[in-house]
Amino acid sequence: MSSIEVNGKSIETDEEGYLVDRTEWTEEAAQILADQDELELTDNHWEVMHFLRDYYEEYQIAPAVRVLTKAIGKKLGKEKGNSKYLYELFPYGPAKQACRFAGLPKPTGCV
Amino acid sequence: MTENVTKKFLYVNRKAPYGTIYALESLEVVLIGAAFEQDVSVAFIDDGVYQLKKDQSTDGIGMKNFSPTYNALGDYEVTQIYVDKESLDERGLTADDLMNLVYEDEDDDYAEKSSISIVNRDELAKLMEQQDVVLSF
Chain A
406 MSSIEVNGKS IETDEEGYLV DRTEWTEEAA QILADQDELE LTDNHWEVMH FLRDYYEEYQ
466 IAPAVRVLTK AIGKKLGKEK GNSKYLYELF PYGPAKQACR FAGLPKPTGC V
Chain B
48 MTENVTKKFL YVNRKAPYGT IYALESLEVV LIGAAFEQDV SVAFIDDGVY QLKKDQSTDG
108 IGMKNFSPTY NALGDYEVTQ IYVDKESLDE RGLTADDLMN LVYEDEDDDY AEKSSISIVN
168 RDELAKLMEQ QDVVLSF
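Structural data, given as structure tokens:
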């Protein structure tokens, strides 16, 4: 098991870097996970991460990228609901990478 | 994938939601299949109809209540959900006891429509005949 260090507290991650317990997630944890990928988080990143956490809260799953793209478009507008915008924010894959930063499991439907 | 091959998949669910892993595994496979843009339909027969029961609570059994995830099927464009009427009748259930699973019809100005069809066994048999793949859980 790996872990990350957040404010002196150790949070467990799985072999792919996803948090084992999503309730341990904090915005600081997201920041540290993003630092590992050398990605600077902007308001647009946070918007997607919070969207994912809300989606998980409601449906108990992290959505696949196609579903995420559509749902973002509906909620945040067409200019954000497209792969180009989302891949620019999260170059390693908007569902996979954003879910990891957001403390969620790997999306259902990702291999 | 080399070609854009779409097959008709029917997932048949016959078991109660908790006590075995079948229901949850089936749901995950359905979502994965749908993410690969296959033509997916799902049937609930026998104790499988309990999977769609609304207001589920797992507080007493220490398992995750995954029933909210069925509401995401519409987002995954799984819009053909068939429930066997006789199985409902045998268990004293009606359509009103089931979760209200819906999808938005893109061809109809995103109108919200029910995904659930209550069908009899003849209709289910016909449905199974039309499939390329039938997976039973």
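Residue numbers (the working numbering), protein chains in the order written: chain A, 406 to 516; chain B, 48 to 184.
Virtual Cβ for every residue (Gly too), placed ideally from N, Cα, C.
Source: prediction; values computed, not measured.
message = Tell me which residues share the same chain as Asp179(B) and place their Cβ nearer than 6 Å to its Cβ, disregarding the 5 neighbours each side in the sequence.
response = Residues Lys54 and Lys55 of the same chain have their beta carbon placed closer than 6 Å to that of Asp179(B), with the five preceding and five following residues left out of the count.
key: Under 9 Å from the C-beta of Leu140(B): neighbouring residues of chain A   = Going along chain A, no residue has its Cβ under 9 Å from Leu140(B), so there is no contact; the nearest lies around 23 Å.
request  = For Lys101(B), verify whether its CB is less than 7 Å away from any heavy atom of the ligand NAD.
outcome  = No copy of the ligand NAD appears in this structure; indeed no ligand is present at all.
Ile92(B) versus Asp102(B): straight-line alpha-carbon distance, rounded = Their Cα atoms are separated by approximately 19 Å.
ask   = Below 8 Å between beta carbons: does that hold for Val192(B) and Ala90(B)?
value = This structure cannot settle anything about residue 192(B), because the visible part of chain B is limited to 48 through 184.
inquiry  = If I measure Cβ to Cβ from Arg505(A) and keep anything under 7 Å in the same chain, skipping five residues before and after, which residues do I get?
reply    = The beta carbon of Arg505(A) lies closer than 7 Å to those of Gly422, Tyr423 and Leu438 in the same chain, with the five residues before and after it left out.
ask   = So the beta strand (DSSP E) Phe91(B) belongs to, where does it begin and stop?
value = First-last of the beta strand (DSSP E) with Phe91(B): Asp86 to Phe91.
task = Could you tell me how far apart the beta carbons of Leu481(A) and Ala500(A) are, in whole angstroms, since I believe they sit closer than 8 Å?
result = Not confirmed; about 15 Å, so no contact.
message = Assuming Glu133(B) is part of the alpha helix (DSSP H), what are its boundary residues?
response = Lys132 to Glu137 is the extent of the alpha helix (DSSP H) around Glu133(B).
query = Are three or more beta carbon pairs between the stretch 160-167 of chain B and the stretch 110-130 of chain B nearer than 8 Å?
reply = Contact holds: three or more Cβ-Cβ distances are below 8 Å.
request  = Measuring only between beta-carbons, confirm whether Gln436(A) sits less than 8 Å from chain B.
outcome  = Judged by the 8 Å Cβ criterion, Gln436(A) is not in contact with chain B.
ask   = Along chain A, in chain order, which residues have C-beta atoms closer than 7 Å to that of Ala158(B)?
value = Within chain A, no C-beta atom comes nearer than 7 Å to that of Ala158(B); the closest sits roughly 14 Å away.
ask   = Between which two residues does the alpha helix (DSSP H) containing Asp440(A) stretch?
value = Per DSSP, Asp440(A) belongs to the alpha helix (DSSP H) from Glu432 to Gln441.
key: Reference Glu151(B); option with closest CA among Ala435(A), Lys475(A) and Asn412(A)   = Among Ala435(A), Lys475(A) and Asn412(A), the Cα nearest to that of Glu151(B) belongs to Lys475(A).
inquiry  = Taking the alpha helix (DSSP H) that Leu473(A) belongs to, which residues open and close that run?
reply    = Its alpha helix (DSSP H) spans residues Val470 to Leu481.
task = Would you identify the three-state DSSP class for Lys414(A), choosing helix, strand or coil?
result = DSSP places Lys414(A) in strand when its eight states are reduced to three.
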